[in-house]
Structures are given as structure tokens and as C-alpha cells.
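*Asks:*
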Amino acid sequence: MSAPIQRALCPICHTDNRADAKFCQKCGNNIWLNDRYRIVRAIKEGGMGAVYEAMDDSGKRYALKALIDRFTDPAERADGIARFQEEASILRELQHPQIPRVYSDFLHGGRYYLAMDFIQGDDLEDLLRHQPNGRYDEATVIRWADQIADVLDYLHERRLIYRDVKPSNIMIERATGNVKVVDFGIAKLFQPNERGTLIGTPGYSPPEQYQGQATPQSDVFALGATLHHLLTGRDPRDEPPFSFPPVRKLVPSVSAQTERAIGRALEMELDKRWLSAAAFRAALPTEMAKRPRRPASTQPTVTLDPAVMAAQVAPVPQPQRARQPKPQPAPKAKPASPPAAPAPAAKPAKPFRWWIPLLVVVVAGSLIALGQPGVSDKITGLFGGDTSTTIPATLTTAPLTVQQYKKELTVTVPAGSDQDTIREAFMQAYTQAVTQEFGPTARINPNVPPTFEGGAPVQTSSDASGETYRVTVNGRISAPPR
3 MSAPIQRALC PICHTDNRAD AKFCQKCGNN IWLNDRYRIV RAIKEGGMGA VYEAMDDSGK
63 RYALKALIDR FTDPAERADG IARFQEEASI LRELQHPQIP RVYSDFLHGG RYYLAMDFIQ
123 GDDLEDLLRH QPNGRYDEAT VIRWADQIAD VLDYLHERRL IYRDVKPSNI MIERATGNVK
183 VVDFGIAKLF QPNERGTLIG TPGYSPPEQY QGQATPQSDV FALGATLHHL LTGRDPRDEP
243 PFSFPPVRKL VPSVSAQTER AIGRALEMEL DKRWLSAAAF RAALPTEMAK RPRRPASTQP
303 TVTLDPAVMA AQVAPVPQPQ RARQPKPQPA PKAKPASPPA APAPAAKPAK PFRWWIPLLV
363 VVVAGSLIAL GQPGVSDKIT GLFGGDTSTT IPATLTTAPL TVQQYKKELT VTVPAGSDQD
423 TIREAFMQAY TQAVTQEFGP TARINPNVPP TFEGGAPVQT SSDASGETYR VTVNGRISAP
483 PR
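Okay, here's the thing in C-alpha cells:
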């Protein structure tokens, strides 16, 4: 359990208040944000934003990112708010060990807030200032590069471009030394040939980004510039644009393989650069990282019925070789014999290999979905829902489609219930509404939890039977088309 809240900091006037205070003793501002969070300290403040450390009543720590409305131009205000809300929308749908999880976003006291994982660590820009010679050794940098490239590859698979890879947006956890990529305020969907606003950081951004164009290869360039900085201590913001001397010219101890990989990432022309973050990652000596790669699938476990799956894939030839990390040799005790003819699914001649039907389903689904937008949502829709659900016994049932479902709900809970109890009641009511309207095959996407529209639920009544709340719940579901 985390330590109890010792104080509550007012984000408006920065006055320390008692931990149990609801309003600031100096300016009167409500310091119980969204009826859940109390700010403990300011981490960073400046410009139009701030980051705070906060806690809830259970002692759990959060990072609260705030957008401070200091805009004077209405158009700039609308753009800033839109970008902040877009960041919240993007982060709610991302699930990766190197990306902080977002729990909620809300408006409080004229400021927009994001509540996300609190990272106990420091960003690389701060760490570099205290590093001897202002640089890091190759093995450490390659380990971080392996993780950052994995994040970029994950984003690019979802047609998202990060657009601002740089040391200050990369945090290192103190306990593990692992990377956390933060600040998704300028990430955007990749739309080829579309010009956008010139956004990025001079020194790290590639030439095409200065022209309002960005592709996944733009992130490759920025990662190359970041790695060059970490290895050499040479800050590209202090140098002529796009000038990156060979790494080994500045630090001869770096391997030739790393120098070549970074040099190609920093090519001015797109067709000479690495085509993807995955390709850049593969070119680095990642054996230095000694870290397992991200699994190919992060979907929840699905209970498979062997008889059903065998019947479904019986007409499909079995693969000659399974993709195992270490193939098992055939038992030497058994004499060689010609392959047996495929046995009927009801009476398998060999022990059932669960991975064969799963592999066929995954490959077939991937081939069908190739090149279509929203692929990850469709796959999640296929495998989503409760992890104890068995795949239906037939593939002839109506296909499920991914769709938004919004429903205004009212629930009654015991008097004095906490926020978690109220939310759980709404989630149960939402699940029942989905089943009633779409049938028993409908599922709620477990990777994109439903959200409350317009903030926290509103209490409508309170009596001896309990407290009644109302709110509109909006979520993403997989259900038969209406």
C-alpha cells in the first residue's frame, strides 16, 4: 500500500492544504479533482501545461497532466484543447508495457486533465545532464533503443506516427531501468500525401516533417537522432540542421554495426532510410539488450474446445513445421514410418496439437484483414470479451462487427459507496444492456474499457434504498450488425 496523502496542493495558487481538505484555504478552489484525485506535488509546469503527482484515497499514485488555458486566440484555444483530447483518445486505446496507461480524462476548474500511471523515474534529457561526458555506453543505449523501436513498431502497426522522439519524451524507470515513452500530444494517424501542421523538435525532426509531412520513417529518423545524441553527447539542437557525424568518429568504442544502423536511419532521403522501426531495430546489435521481444499477440487468453477447433480446420492441411523457439526432436525409440493419412476429426489419430487450429485461425484472419483500416479492432472484436468464453461451435453464425455503443444508464448503489463501486455497477448495467440489445454473442472490447461521457455520474436521488446515479456510458463492442 502506498503512503497516505500528507498534503493536498492547490493547482491554481500552489498553496499546501490539509490532506482531508476539499477546498483550498487560500483561493477557495476545489482541490478534490474529479472527486478522486488530490495533488501531492508539481513535477513540471510551464507554458500551456503542467504535470503533477497525485493520489487517490487508497494511496495509489498517478501522474496528472493538465492543459492550462492561457490562450488568447480562440482558434489556438480550440486547437490546443482538440490536441489534448486527441492525446487522451489515443492513449486510452494503447496497451503496451512501455506506454503509460491512462485511467481517465476530465475537465476541472477550467483545466483539462489526464490521469495516468505515475512513473518513478527521470527523462533522458535530465539524466544526460548528470552523466559523465554527457553520454551513455553502447550496451545501455541499445537496450533502450530496442524498447523504443518496439513502441514505434507497435504504433505504426496501428497507423499512428509519434512525430516527437527525443530524450525528454523518454523516461527511465528507476527500479527496472526500462523505458516509458510519454507525451503523445502530437501523435497522429498516418495519412499518405496529406500535409499537416509543422510540429516536432528541431534537431530531431527529419526534413520532410519541416514541410508538414510525416511518415513512419520520420520516427525512424528521430530515433536515429536520439540514439546519436545518447551515444555521443552531441546535442543536435546546438548544431547545424541535419548534421550528424559518424558515431565512431566521435566515440571510437561504439561498434561498426551500431554506427551503420544509425547512419542509415539518419539519411535525408526517405528511400535510403530504414523502411520501418522494426527494420532499424533488427539492424542494431540487440543481443546487447538481452531482453525478450514483444509477443506477436497481446490479446486475452481464449478457451479453445479441441473437438470444435479440429472439426473447423479439418480440411486445411497441417503445417509441416510449427514455429517453436526450440523444435523438439522426434523420439529416437520409435521406428521411422511413412506419414499417416489424415484421420477424421472425431477420431484423431494423433494427440491434439492446440496450436495448429489457433495458428490457422490467426493466419487466415490476418490475410483477410490485411490492408484494411481498424484491423486491430476487428481482431480484438473476434477474440474479445470474457476470457472464459468458448469459441462458438460453428463458424456459420452471424459475423461480429466492431461498433460504438452509447447508452444512458441509471443505477442504484448502497449509500456511501465509493467511486469504484459506482463504476462497477454501471459496467454491469452496460454489459446487460449490450446483451439485451445485441444478443448473447455480443462482447465488450476488454482492451478499450467503456467511458463515462460528460464526466462523473450524476447523483439523482438518495433514500433508504440507496443512492441513484445517472450517466451515459460509451464503449466499443463486437456485435452482430444492426
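What the sequence shown shows, in the numbering used here, is residues 3 to 484, in sequence order. C-beta atoms are modelled at their ideal positions from N, C-alpha and C, and glycine is treated no differently.
(1) By the 10 Å Cβ neighbour count, where 16 or more other Cβ atoms means buried, how is T234 classified, buried or exposed?
(2) What does a CB cutoff of less than 6 angstroms around Y138 pick up in its chain, not counting 5 residues either side in sequence?
(3) Measure the Cβ-Cβ separation of A279 and H158 and say whether it is below 8 angstroms.
(4) Would you check if the segment 214–225 and the segment 103–118 touch, i.e. whether three or more CB-CB distances between them fall below 8 angstroms?
(5) Per DSSP, what are the beta-bridge partners of E55 in this structure?
(6) Using three-state DSSP, classify V184 as helix, strand or coil.
(7) Are the segment 262–272 and the segment 168–178 touching by the rule of at least three beta carbon pairs closer than 8 angstroms?
(8) For H16, which three-state DSSP category applies?
(9) Buried or exposed: where does M118 fall if 16 or more other Cβ atoms within 10 Å of its Cβ makes it buried?
(10) If you draw a straight line from the alpha carbon of P459 to that of E175, how long is it in whole angstroms?
(11) Once DSSP output is grouped into helix, strand and coil, what is the label at G477?
(12) Take E410 and list the residues in its own chain whose beta-carbon comes closer than 6 angstroms to its own, dropping the five residues that flank it on each side.
(13) Taking C-alpha atoms, which residue in G418, F25 and V183 lies nearest to D124?
(14) Ignoring anything shorter than 4 residues, give me the alpha helix (DSSP H) runs that lie fully in the segment 92–179, in order along the chain.
(15) Exposed or buried, which one is T203 when buried takes at least 16 other CB atoms within 10 Å?
(16) Looking at Q461 and E469, is the spacing between their C-beta atoms short of 8 angstroms?
(17) Is it buried or exposed, P416, if we count other Cβ atoms within 10 angstroms and call 16 or more buried?
(18) Given F246, which residues of its chain have a CB within under 6 angstroms of its CB, disregarding the five upstream and five downstream residues?
(19) So does the segment 39–46 actually touch the segment 159–167, counting three or more Cβ pairs closer than 8 angstroms?
(20) Let me confirm a value: V404 is counted as buried when at least 16 other C-beta atoms fall within 10 Å, else exposed. Which label applies?
(21) Residues in the same chain with beta-carbon distance under 8 angstroms from D237, minus the five sequence neighbours each way, listed in chain order, please.
(22) Determine which residues share a DSSP beta bridge with V415 and list them.
(23) Leaving out the 5 sequence neighbours to the left and right, which residues in its chain are closer than 7 angstroms to S60 when beta-carbon positions are compared?
(24) Check this for me: beta carbons of Y115 and K67, under 8 angstroms apart or not?
(25) K28 and C15: beta carbons closer than 8 angstroms?
(26) By how many angstroms is the C-alpha of G51 removed from the C-alpha of D422?
(27) Out of curiosity, what's the CA-to-CA distance linking D22 and L35?
(28) Tell me the DSSP secondary structure of R445 in three-state form.
(29) Answer with buried or exposed for P442, where buried requires no fewer than 16 other C-beta atoms within 10 angstroms of its C-beta.
(30) Throw me the rounded Cβ distance for the A444 and A481 pair, which I believe falls under 8 angstroms.
(31) Can you have a look at A147 and say buried or exposed, based on whether 16 or more other CB atoms are within 10 angstroms of its CB?
(32) Within 10 angstroms of the Cβ of E439, are there 16 or more other Cβ atoms? Answer buried if so, exposed if not.
(33) So T288 and E140 are supposed to be a Cβ contact under 8 angstroms. How far apart are they, rounded?
(34) A224: which of P209, K274 and V167 sits nearest, CA to CA?
(35) Hey, quick one: how far does the alpha helix (DSSP H) through A2 stretch, first residue to last?
*Replies:* Considering the structure as presented:
(1) So T234 ends up on the buried side.
(2) Here the set comprises L232.
(3) yes
(4) no
(5) R43 and A65
(6) coil
(7) no
(8) coil
(9) buried
(10) 35 angstroms
(11) strand
(12) Residues of the same chain with a CB within less than 6 angstroms of the CB of E410, apart from the 5 flanking positions on each side, are T474 in chain order.
(13) V183
(14) You should have 126–131 and 140–159.
(15) buried
(16) yes
(17) exposed
(18) So the list reads H230 and L268, once near-sequence residues are dropped.
(19) no
(20) buried
(21) G205 and H231
(22) E469
(23) Correct list: empty, nothing qualifies.
(24) Result yes, Cβ atoms of Y115 and K67 sit closer than 8 angstroms.
(25) Going by C-beta atoms, K28 is nearer than 8 angstroms to C15.
(26) In this structure, the alpha-carbon of D422 lies about 28 angstroms from that of G51.
(27) Distance between the alpha carbons of D22 and L35 is about 13 angstroms.
(28) Strand at R445.
(29) exposed
(30) 4 angstroms
(31) Buried, since its Cβ has 16 or more Cβ neighbours within 10 Å.
(32) exposed
(33) About 12 angstroms separates the two Cβ atoms, so there is no contact after all.
(34) V167
(35) It is not possible to answer for residue 2, since the shown part of the chain is limited to 3 through 484.
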